[in-house]
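Below: one structure, written as structure tokens.
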Amino acid sequence: MKEYIATFFTHSGAIKFDRKAKSKNIECHLMPVPRKLSSDCGIGAKFKFDKDVLDLVDDEIEKIFIVKDGKYELVYSNE
Numbered sequence: 018m019k020e021y022i023a024t025f026f027t028h029s030g031a032i033k034f035d036r037k038a039k040s041k042n043i044e045c046h047l048m049p050v051p052r053k054l055s056s057d058c059g060i061g062a063k064f065k066f067d068k069d070v071l072d073l074v075d076d077e078i079e080k081i082f083i084v085k086d087g088k089y090e091l092v093y094s095n096e
């Protein structure tokens with residue numbers, strides 16, 4: 018299963034994503050965004066997902082990064 022970090026435009030967007038992920042049985046944890054990734058609201062979601070991550074995208078998500086060997090690779094940006 019692949020590990021991702023999503024960043025959000027607002028705190029409420031992060032909370033909505035967390036609820037949506039958990040309702041779909043996706044392991045998800047809200048956390049401070051790593052400094053390297055910076056974000057508008059400072060809250061991110063770390064989650065594991067084995068399907069197409071773009072299926073989870075909504076207007077609240079700023080960016081999604083895949084975590085590979087401790088490094089972050091941008092896979093989606095809403096900028």
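Going by the working numbering, the residue at position 23 of the sequence shown is 40; the numbering climbs one at a time, nothing skipped.
In this text, a Cβ means the ideal position worked out from N, Cα and C, and glycines have one as well.
Asked                                                                                                                                   : Found
With 16 as the cutoff for other CB atoms within 10 Å, does G61 come out buried or exposed?                                              : buried
Compute the Euclidean distance between the alpha carbons of I22 and A38, then round it to the nearest angstrom.                         : 13 Å
Per DSSP, which one or two residues make a beta bridge with M48?                                                                        : G61
Using 8 Å as the threshold, is the region 22 to 35 in touch with the region 78 to 92, meaning 3 or more CB pairs across them?           : yes
What is the residue span of the beta strand (DSSP E) that I32 lies within?                                                              : Careful: I32 lies outside any beta strand (DSSP E), inside the alpha helix (DSSP H) at 28 to 40.
Have a look at L54 and M48 and give me their C-alpha separation to the nearest angstrom.                                                : 12 Å
For the putative contact between D86 and M18, defined by C-beta atoms under 8 Å, what is the C-beta separation to the nearest angstrom? : Rounded, the Cβ-Cβ distance is 15 Å, inconsistent with contact.
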